[in-house]
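Okay, so here's the structure we're looking at.
Numbering (the numbering used here), first residue to last: 7 to 326.
Right, dumping it as structure tokens:
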């Protein structure tokens, strides 16, 4: 007896892929102005990070439940969740909000775009990446971009703000550490959403006592614009993450990396449009240098590879 042909699902078109890149980039880029709004009334960075993490953990758990998946809780899994929760959520969230409280949105977003460069820099000594002239040049351009922001006296509204540049730079190193931990881990039984769920709970376990000890509670029940921004950040992060994972699965990690350019451009332009930020020529030059450096450190697409060629979804959350 002949079986009917299997239903063929057409791969997404190139236009659809680029629309997803745009949507994910705009979503993540919009979290910059929202973060600035969230800290505008003096809300604690730890308190805001706590709410973001709690809401993300609850949402991820709901998704896991609807998918019929459970969260593995073996000793090695819990250790993995705590380490990645620290490096990928608790520490960078607190530092990011601190940066947004003291720096212009555009400059903070530019410095956060260094994550792929810092990851590459950390991965080389561990043998996870191979150096090349092209990517070394990209790293040098990244360093030049930071120098253009820090060194000229007119690059920042207030030269005293230069010390706060250490916060987004520390965020880049923290995310890079998480990327290395995921790359070297043996958690092949975890999918990206399970990993997101686990590290969210791990981060919550770490953030909660810090919030209580430092009296950093944020009364989200007021639900004014800053509190609404906290909720919106969580929703946008979840939507963008889901879109990013979908993009990797349908077009591969190299194509998905284009999201980084949209995120950076969106954050800078929204800072100008919504908060009236005005950047010096040094900052605009730094943006150009950083974008070029980001392009050089990204791995090349294999010759002949189609834009929509399917690629396996990575076993952990990918950072830009």
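From the three backbone atoms N, C-alpha and C, an ideal C-beta is built for every residue, glycine too.
Supposed contact pair residue j and residue i - C-beta distance, whole angstroms, cut 8 Å
{"i": "residue 277", "j": "residue 122", "result": "Between residue 122 and residue 277 the Cβ distance is about 21 Å, and since that is not below 8 Å, they are no contact."}
{"i": "residue 109", "j": "residue 186", "result": "So it is not a contact: roughly 26 Å between Cβ atoms."}
{"i": "residue 100", "j": "residue 52", "result": "5 Å"}
{"i": "residue 105", "j": "residue 173", "result": "4 Å"}
The ligand NAD heavy atom lying under 7 Å from the CB of residue i
{"i": "residue 30", "result": "In terms of ligand content, the structure shown is empty, and the ligand NAD therefore cannot be addressed."}
CB of residue i within 8 Å of CB of residue j, strictly
{"i": "residue 193", "j": "residue 86", "result": "yes"}
{"i": "residue 62", "j": "residue 54", "result": "no"}
{"i": "residue 249", "j": "residue 20", "result": "no"}
{"i": "residue 47", "j": "residue 165", "result": "no"}
{"i": "residue 303", "j": "residue 76", "result": "no"}
{"i": "residue 102", "j": "residue 219", "result": "no"}
{"i": "residue 295", "j": "residue 161", "result": "no"}
{"i": "residue 242", "j": "residue 119", "result": "no"}
{"i": "residue 115", "j": "residue 273", "result": "yes"}
{"i": "residue 199", "j": "residue 69", "result": "yes"}
{"i": "residue 163", "j": "residue 111", "result": "no"}
Residue from the options with nearest C-alpha to residue i
{"i": "residue 66", "options": "222, 244, 182, 230", "result": "244"}
{"i": "residue 41", "options": "240, 263, 260, 225", "result": "240"}
{"i": "residue 292", "options": "140, 77, 147", "result": "147"}
{"i": "residue 22", "options": "261, 298, 279", "result": "261"}
{"i": "residue 223", "options": "38, 36, 39, 58", "result": "58"}
{"i": "residue 227", "options": "220, 138, 236", "result": "236"}
{"i": "residue 212", "options": "60, 37, 18, 32", "result": "60"}
{"i": "residue 209", "options": "74, 97, 197", "result": "97"}
{"i": "residue 91", "options": "203, 264, 154", "result": "203"}
{"i": "residue 89", "options": "206, 115, 273, 229", "result": "206"}
{"i": "residue 283", "options": "37, 263, 32, 113", "result": "113"}
{"i": "residue 24", "options": "271, 305, 264", "result": "264"}
{"i": "residue 184", "options": "64, 28, 126", "result": "126"}
{"i": "residue 305", "options": "216, 139, 234, 28", "result": "139"}
C-alpha gap between residue i and residue j, whole angstroms
{"i": "residue 26", "j": "residue 285", "result": "29 Å"}
{"i": "residue 156", "j": "residue 168", "result": "6 Å"}
{"i": "residue 251", "j": "residue 175", "result": "25 Å"}
{"i": "residue 34", "j": "residue 269", "result": "6 Å"}
{"i": "residue 144", "j": "residue 71", "result": "42 Å"}
{"i": "residue 107", "j": "residue 49", "result": "10 Å"}
{"i": "residue 191", "j": "residue 258", "result": "21 Å"}
{"i": "residue 149", "j": "residue 124", "result": "10 Å"}
{"i": "residue 78", "j": "residue 137", "result": "36 Å"}
{"i": "residue 128", "j": "residue 179", "result": "8 Å"}
{"i": "residue 238", "j": "residue 298", "result": "31 Å"}
{"i": "residue 74", "j": "residue 56", "result": "27 Å"}
{"i": "residue 287", "j": "residue 158", "result": "10 Å"}
{"i": "residue 152", "j": "residue 117", "result": "7 Å"}
{"i": "residue 247", "j": "residue 170", "result": "27 Å"}
{"i": "residue 182", "j": "residue 189", "result": "10 Å"}
{"i": "residue 82", "j": "residue 36", "result": "35 Å"}
{"i": "residue 253", "j": "residue 18", "result": "10 Å"}
{"i": "residue 275", "j": "residue 32", "result": "11 Å"}
{"i": "residue 84", "j": "residue 197", "result": "15 Å"}
{"i": "residue 64", "j": "residue 216", "result": "20 Å"}
{"i": "residue 221", "j": "residue 234", "result": "21 Å"}
{"i": "residue 80", "j": "residue 271", "result": "41 Å"}
{"i": "residue 132", "j": "residue 154", "result": "30 Å"}
Delimiting residues of the alpha helix (DSSP H) encompassing residue i
{"i": "residue 135", "result": "From DSSP, residue 135 is part of no alpha helix (DSSP H); its letter is neither H nor E."}
{"i": "residue 170", "result": "Segment: none, residue 170 is in no alpha helix (DSSP H) and carries neither H nor E."}
{"i": "residue 256", "result": "231-257"}
{"i": "residue 305", "result": "Unbroken run through residue 305: none, as it is neither H nor E."}
{"i": "residue 129", "result": "121-129"}
{"i": "residue 76", "result": "Careful: residue 76 lies outside any alpha helix (DSSP H) and carries neither H nor E."}
{"i": "residue 36", "result": "20-44"}
Interface flag, residue i vs chain B, CB-CB below 8 Å
{"i": "residue 303", "result": "This model lacks chain B altogether; it includes just one protein chain."}
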